[in-house]
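Going by our numbering, the sequence shown opens with residue 1, and the numbers climb by one from there. Here the structure comes first, spelled out in structure tokens, and everything after it is commentary.
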Amino acid sequence: MVKEALRQTESCLWTSTSLFIWLRTVRWQHTAVTLAPIVLTGIAGFSYVNEALPAWAVALVAFLATLIPPVAKALDFETRVEELKRASAEFKALQDRFRKLARITALGDVDKAETELGDLMDRLDAVRALSITPPQKYFALAKKDIEAGHYDFAVDLPTGETPSGTKGAPPTKGRP
1 MVKEALRQTE
11 SCLWTSTSLF
21 IWLRTVRWQH
31 TAVTLAPIVL
41 TGIAGFSYVN
51 EALPAWAVAL
61 VAFLATLIPP
71 VAKALDFETR
81 VEELKRASAE
91 FKALQDRFRK
101 LARITALGDV
111 DKAETELGDL
121 MDRLDAVRAL
131 SITPPQKYFA
141 LAKKDIEAGH
151 YDFAVDLPTG
161 ETPSGTKGAP
171 PTKGRP
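Here it is as structure tokens:
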């Protein structure tokens with residue numbers, strides 16, 4: 001049971017990290033899609049632009065300003081942000097719960113641990129049912145961060161070693 005809980009902890013770490021990295025990109029895209037029509041409309045409306053650019057260029061800018069909102073709606077950016085927020089937070093919470101199960105609960109009452117494992121697996125099945133799959137590049141970025149030790153905790157490392165793999169006092173700031 002401990003081994004399975006630790007395996008699920010690791011799985012949730014990889015998935016939540018990939019989703020959080022992807023979420024940062026999607027939030028940036030959402031902001032760009034929200035602001036672009038406003039900026040483009042402003043540019044098309046300036047009389048200076050109308051004098052400096054050919055009429056077709058101003059018309060193109062105005063067209064793009066009106067095209068972006070329906071395209072964003074069709075791509076459902078807002079829903080994607082909310083789904084990613086929910087799923088990444090749930091995978092991170094499950095990571096912590098599985099770790100607690102492996103390190104604390106499973107060392108005590110076996111029946112209680114089995115019940116908790118079943119409940120956590122049900123939660124895991126529910127979040128996996130969303131079928132949110134980050135593009136491969138976000139798994140690669142997550143791999144890089146995880147293997148660099150960004151998600152290691154000093155308390156879990158041998159005495160005197162820091163999460164970065166060096167000897168000395170653990171860092172006091174900048175850890176996730």
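Every residue, glycine too, gets a C-beta built ideally from N, C-alpha and C. Fair warning: this is a prediction, and the values are worked out from it, not measured in the lab.
How should residue i be labelled, buried or exposed, when 16 other C-beta atoms within 10 angstroms of its C-beta is the threshold for buried?
{"i": "I104", "result": "exposed"}
{"i": "F91", "result": "buried"}
{"i": "R7", "result": "exposed"}
{"i": "E116", "result": "buried"}
{"i": "R97", "result": "buried"}
{"i": "L124", "result": "buried"}
{"i": "T133", "result": "exposed"}
{"i": "G174", "result": "Because G174 carries a pLDDT of 44, less than 50, the predicted location of this residue cannot be relied on, and the following value inherits that uncertainty. So G174 ends up on the exposed side."}
{"i": "W56", "result": "exposed"}
{"i": "A5", "result": "buried"}
{"i": "A113", "result": "buried"}
Hey, could you find the ends of the alpha helix (DSSP H) residue i is sitting in?
{"i": "H246", "result": "Nothing about residue 246 can be reported from this structure: the residues present for the chain run from 1 to 176 only."}
{"i": "P134", "result": "First-last for P134: undefined, no H or E at that position."}
{"i": "F63", "result": "A55 to L75"}
{"i": "T115", "result": "V110 to R128"}
From this set, the options, which residue's C-alpha is nearest residue i's C-alpha?
{"i": "K73", "options": "L94, I38, L101 and H30", "result": "H30"}
{"i": "F63", "options": "K143, I43, D125 and L13", "result": "I43"}
{"i": "L19", "options": "A106, F98, Y48 and K143", "result": "K143"}
{"i": "V61", "options": "E78, R97, Y48 and V39", "result": "V39"}
{"i": "P135", "options": "F153, L84 and E114", "result": "L84"}
{"i": "V33", "options": "S131, D145, L120 and V71", "result": "V71"}
{"i": "R78", "options": "S11, F153, L23 and D145", "result": "Here residue 78 is Glu; the residue named in the question, Arg, does not match the sequence. If we check each option's Cα against that of E78, L23 comes out closest."}
Please report the Cβ distance between residue i and residue j, rounded to the nearest whole angstrom; I am assuming they are in contact, meaning their Cβ atoms lie under 8 Å.
{"i": "V26", "j": "A87", "result": "That belief does not hold up - the Cβ atoms of V26 and A87 are roughly 12 Å apart, past 8 Å."}
{"i": "Y138", "j": "L13", "result": "In fact, because the Cβ distance is near 14 Å, the residues do not count as touching under 8 Å."}
{"i": "T17", "j": "A102", "result": "Rounded, the Cβ-Cβ distance is 19 Å, inconsistent with contact."}
{"i": "M1", "j": "A148", "result": "About 30 Å; that fails the 8 Å criterion."}
{"i": "L94", "j": "L120", "result": "6 Å"}
{"i": "I68", "j": "A36", "result": "5 Å"}
{"i": "A65", "j": "T41", "result": "4 Å"}
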